[in-house]
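Asks: As they're listed, the protein sequences go chains A and B. Just add 92 to wherever you are in the first sequence, counting from 1, and you've got the working numbering. Just add 254 to wherever you are in the second sequence, counting from 1, and you've got the working numbering.
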Amino acid sequence: MSERFDEELRGWLTEAGRVDTDRVQRLASAIDGLPARRRPGPSGWLRVSSLVLALGIVSVLVALVAVPYIGRPGTSSSPTPQASTAPVTWLGDPRYERCGGGTGENVLQAFPMAQASDYRRHLPQMGLSPELDVSAPAFVVIFREGHPFPVVGGPPRDGEGESLVSVAPSSGQPRRHDLCVLVGSEPETAELHVYGEVDVSGLTAVLVAAPADFSAVPTLDGSLAPAASASPGSAPTTSPAPEPALLTSVPEVGRPRFATGQVLRRDDGSVAARVSLLAPRAGGRVTIVEAWTFRVSGPVDSEGAYVQFYPRPGSDMILIRVGGLGAFLWTLGAPTAQLEWPDELLHAATLHWSPDGRELAGYAWRRLDTIALWEPVEGAVRRVSAPELRRFGSVIGWTADSTQLIVFAEPIQDGVSSAFEAACRQDPWSGLVDARTGATVPFHRGDDFDARGGLRGFLSPSVASSVGAVLSEERVTVYADCQDLSLGGTQLALPGAAQARDLRWSGDGRTLLALAADGQRSMLLRYDRPDIEPEPGRVMTHLLPPDALLGDVSAGGRWVLVAGEDPRCLSRELLDTEMGASWTLDLCEETSALVP
Amino acid sequence: MESVREQAKSLQPSLVARAVAGDREAFRRLVEPHLPTALGAATALLRSPSEADDAVQDALLSAWLGLHQLRRADAFPAWFRRHVIRSAMKRLGQRPRVTELDLTAMAPVDDLERALERRALGRAFGRLETKDRLILTLHHFWSLPVAETAGLLGVPEGTVKSRAHQARARLRAAYAAEERG
């Protein structure tokens, strides 16, 4: 018995420790980039008497010579684009002040690190800095240009005054910046390290909750086209949206990309928010591609403000909706446009881009029989109506050719009907609505429907129940009670006692992703359509916490966002269903979306 | 005829001497035979390929910079393992919140039961304390002799044996708990 267990353990360890030759070769080739064993003396720095600064000098030199070894060399020769927004979140923070952040005009980015030793993760190209290999918390300020550092060498000692040390200006090399790292939990006594011309490629900053004092968050200057509002007299005011801050050039950053949004503060008269575009990197890291902090002033409705994202298919545009106050069309790397939010969609809970990226569809406000279709770039709004829609309904998605809307509408009886009644017994109306004419085609039980366009839900054969199943957490449970899974006529088996909790099609309609749970854990299962794929596969790609929920799925079905509750906030993970890897977003952001 | 291993062993002193003098190619030839097992052990310990890569990279750098401290050229393999273990342990102590999921979970559904068993063993292994994971890795993955393990951990050989026994018992208990759960 014991020998069998040992054998099993040995087998598992062998499997867990299996490495491919590529990895070995990669490491072996890194030997060429090892720093010289005899290191050159310090240059380019003015000496100061403190030990801390001496360590800083050594680390800068090590950083400069070790960069090719520590991380992948940068591939871009383009200079870091100039950001137009300062990291206003940190204005007034004593750590920021001590690092010389000042007004923020010369600051590219500032962020805290839970441990100083995390610098390798946040600044993968920085090189080795042994003095930062400590567990104390740290704060980083990255400067745009060479900056005269007010350096205080470490914790003040008796009889030792502060000395001002200037650092030679940066040479303007691509993506190299001066930076300051303050190590220690007490800003006044923390050790201050300064580094010159550090390669900040692949910068990974942890976005954290903003400080309590938001008075420093600037209201955008200029005027805002009045956003549609229930109170026309109180239109919000804000500015021509600034260009998004481009934090790092991104030739090495791969797809997919996430947009995340976080409301930093809301009060009766304004909302401050930050939106970021993130991309996964190797090793579970997430890189900020672009970030933009802004504040919009205006009447915040009783539901409070929120940030929602609607990435426009086939483009680099993301529609950002700041609930109740307006919207922006964020074109990555380009000026951001302010939009007038149409009255019809003021309170639409969900919006869906047509697959061709032309229109957004949502149920019209206060008109239960009408779906509003909005073309944000042109600003045009049109409507389609049908008697069948005169229920409590939702747009579920579009057909792949962008001509028809898929709609689920449940009867309104004695107030709100129970989820089970609606989904399993009362045959809520579900079907297709022609986006031009409003002509409807109802689904019937047993219909086979080629679900495309990232449609949530599963249409055959229990059309109504499965479409309705995913509209709320409550109905996911209902769905499990009346589920009948089949794909292209092939019955889909779920492992053990697992029940499907959530289903989602890939945008190209070739892959179905199912989240099945057995009470202890959730399993993400990937089914490739047997009627399309030459070698249909059913693969369990990830084991997840029992409360995980499916979010966006990429067009090809490879990338999936899942959400789960943790004690602090809604956490999100990006899963790669082909490689089995995952990235956890260490954010408490309110919303996120995969950017196509 | 000398075996490849013996050839490599006989070359070791000159390779070490050249590497100490700053010859990267000599250093590469020294460490290359040990990289697969170094990566494997680090991967098993850290349960993250990318972190394992980073750990072995750190070990490579520290070994390279500290090569002049190696007293006996024939002790290079054990000395390098020590750097790898030290680096991996350091990373275990600084574990970030971001983790990668295990590729073994990518088994086809037909192999689901086996995948789940393996997954359970992996999860049980992950629940062990660092010292237990380390000793099981040294013993079952690297198959190190007790004497070298003792030297690596800086404890008597008897302690290695008892620790390995206790670690195995704890793993079995954790595994049983995983299977029940």
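No residue lacks a Cβ here, since even glycine has one placed at the ideal position from N, Cα and C.
Please report how far the alpha carbon of A:SER227 lies from the alpha carbon of A:GLY276, in whole angstroms.
Replies: Taking the straight line joining both Cα atoms gives about 9 Å.
Asks: If you reduce the DSSP assignment to three classes, tell me which class B:PRO410 lands in.
Replies: Note: B:PRO410 maps to coil in three-state DSSP.
Asks: Determine, for B:TRP318, whether the minimum Cβ-Cβ distance to residues of chain A falls below 8 Å.
Replies: B:TRP318 counts as touching chain A.
Asks: Kindly indicate which three-state DSSP category A:VAL533 falls into: helix, strand or coil?
Replies: Reduced to three states, the DSSP call for A:VAL533 is strand.
Asks: Since I believe A:ARG366 is in contact with A:ALA383 (beta carbons under 8 Å), could you give me their beta-carbon distance rounded to a whole number of angstroms?
Replies: Confirmed, about 6 Å.
Asks: Can you name, in chain order, every residue of its own chain whose Cβ lies under 7 Å from the Cβ of A:GLU451, other than the five neighbours on each side?
Replies: Hits under 7 Å: LEU465, TRP466, GLU467.
Asks: So what does DSSP say about A:GLN217, is it helix, strand or coil?
Replies: It is coil, neither helix nor strand.
Asks: Please classify B:HIS322 as buried or exposed, where buried requires at least 16 neighbouring CB atoms within 10 angstroms.
Replies: Exposed, by the Cβ-count rule.
Asks: List the residues of chain A that B:HIS419 touches, going by C-beta distances under 8 Å, in chain order.
Replies: In chain order: nothing, as chain A lies at least about 10 Å away.
Asks: Would you say A:ASP114 lies against chain B (beta-carbon separation less than 8 Å)?
Replies: For A:ASP114, the answer is no, since every Cβ of chain B falls outside 8 Å of its Cβ.
Asks: Under a three-way DSSP split, which group does B:VAL274 fall into?
Replies: Looking at B:VAL274 - three-state DSSP - the assignment turns out to be helix.
Asks: Using the beta-carbon of each residue, which ones in chain B are nearer than 9 Å to A:ILE123?
Replies: Ordered by position in chain B, the residues that pass the 9 Å Cβ test against A:ILE123 are ARG278, GLU279, PHE281, ARG282, VAL285, GLU286, LEU314, TRP318.
Asks: When the distance is taken between beta carbons, is A:ARG613 closer than 8 Å to A:THR633?
Replies: Their beta carbons are not under 8 Å apart, which means A:THR633 does not touch A:ARG613 by this criterion.
Asks: Buried or exposed for A:GLY372, please, with buried defined as at least 16 other CB atoms from any protein chain shown within 10 angstroms of its CB.
Replies: The sequence given here has Pro at residue 372 of chain A, not Gly. Counting Cβ neighbours within 10 Å, A:PRO372 comes out buried, since at least 16 surround it.
Asks: Excluding five sequence neighbours on each side, which residues of the same chain lie with their C-beta closer than 6 Å to the C-beta of A:ASP542?
Replies: Low confidence applies to A:ASP542: its pLDDT is 44, below 50, so where it sits in the model is not reliable enough to give any reading.
Asks: May I ask you to list the residues that DSSP assigns as paired with A:ASP526?
Replies: Note: A:ASP526 sits in a beta bridge opposite A:GLN496.
Asks: Is it buried or exposed for B:ARG325, if we count other Cβ within 10 angstroms and need 16 for buried?
Replies: Result: exposed.
Asks: Give the residues from the region 636-654 of chain A that approach chain B closer than 9 Å (Cβ to any Cβ), ordered along the chain.
Replies: The region 636-654 of chain A vs chain B, Cβ under 9 Å: LEU636.
Asks: Smallest Cα separation from A:ASP610: which of A:GLN496, A:GLU436, A:LEU642, A:PRO638?
Replies: The shortest Cα separation from A:ASP610 among A:GLN496, A:GLU436, A:LEU642, A:PRO638 belongs to A:PRO638.
Asks: Helix, strand or coil: which one does DSSP assign to A:TRP521?
Replies: Strand, per DSSP.
Asks: Show which residues of chain E have a CB atom less than 8 Å away from the CB atom of A:LEU126.
Replies: Checking the listed chains, one finds no chain E in this structure; the protein chains it contains are A and B.
Asks: I need the straight-line Cα distance from B:HIS394 to A:TRP445, nearest angstrom please.
Replies: Roughly 54 Å between the two C-alpha positions.
Asks: Given that A:ARG102 touches chain B, what residues does it touch there, using C-beta distances under 8 Å?
Replies: HIS394, PHE395, listed in chain order.
Asks: Would B:ALA271 be called buried (16 or more neighbouring beta carbons within 10 Å of its own) or exposed?
Replies: Burial call: exposed.
Asks: Using the Cα positions of A:ALA608 and A:MET615, report the straight-line distance between them to the nearest angstrom.
Replies: The alpha-carbon atoms of A:ALA608 and A:MET615 are separated by roughly 5 Å.
Asks: Figure out for me which residue from B:HIS288, B:GLN311, B:GLY276, B:VAL414 has the closest Cα to the Cα of A:LEU220.
Replies: Considering only alpha carbons, the answer is B:GLN311.
Asks: Quick one, which residues of the region 386-416 of chain B are near chain A if we go by CB-CB under 8 Å, in chain order?
Replies: Result list: LEU390, THR391, HIS394, PHE395.
Asks: Run the CB neighbour count on B:ALA401, radius 10 Å, all protein chains shown included, and call it buried at 16 or more, exposed below.
Replies: It counts as exposed.
Asks: Could you tell me whether any Cβ in chain A is nearer than 8 Å to the Cβ of B:PRO331?
Replies: It does not: the Cβ of B:PRO331 has no partner Cβ on chain A nearer than 8 Å.
Asks: Within the 8 Å Cβ cut-off, does B:ARG424 reach chain A?
Replies: So no, B:ARG424 is outside the interface.
Asks: Under 8 Å between the Cβ atoms of A:PHE231 and A:ARG187?
Replies: Going by C-beta atoms, A:PHE231 is nearer than 8 Å to A:ARG187.
Asks: Answer with yes or no whether the minimum CB distance from A:LEU224 to chain B is below 8 Å.
Replies: No, A:LEU224 lies away from the interface with chain B (no Cβ there is under 8 Å from its Cβ).
Asks: Counting only beta-carbon separations shorter than 8 Å, does B:ALA271 have a partner in chain A?
Replies: False, the Cβ-Cβ gap to chain A never drops below 8 Å.
Asks: I want to verify the contact list: residues of chain A whose CB lies under 9 Å from the CB of B:GLN323, in sequence order.
Replies: Near B:GLN323 there are no residues of chain A at all, since even the closest Cβ is about 12 Å away, more than 9 Å.
Asks: Mind checking if A:ASP435 is an interface residue toward chain B, Cβ cutoff 8 Å exclusive?
Replies: It does not: the Cβ of A:ASP435 has no partner Cβ on chain B nearer than 8 Å.
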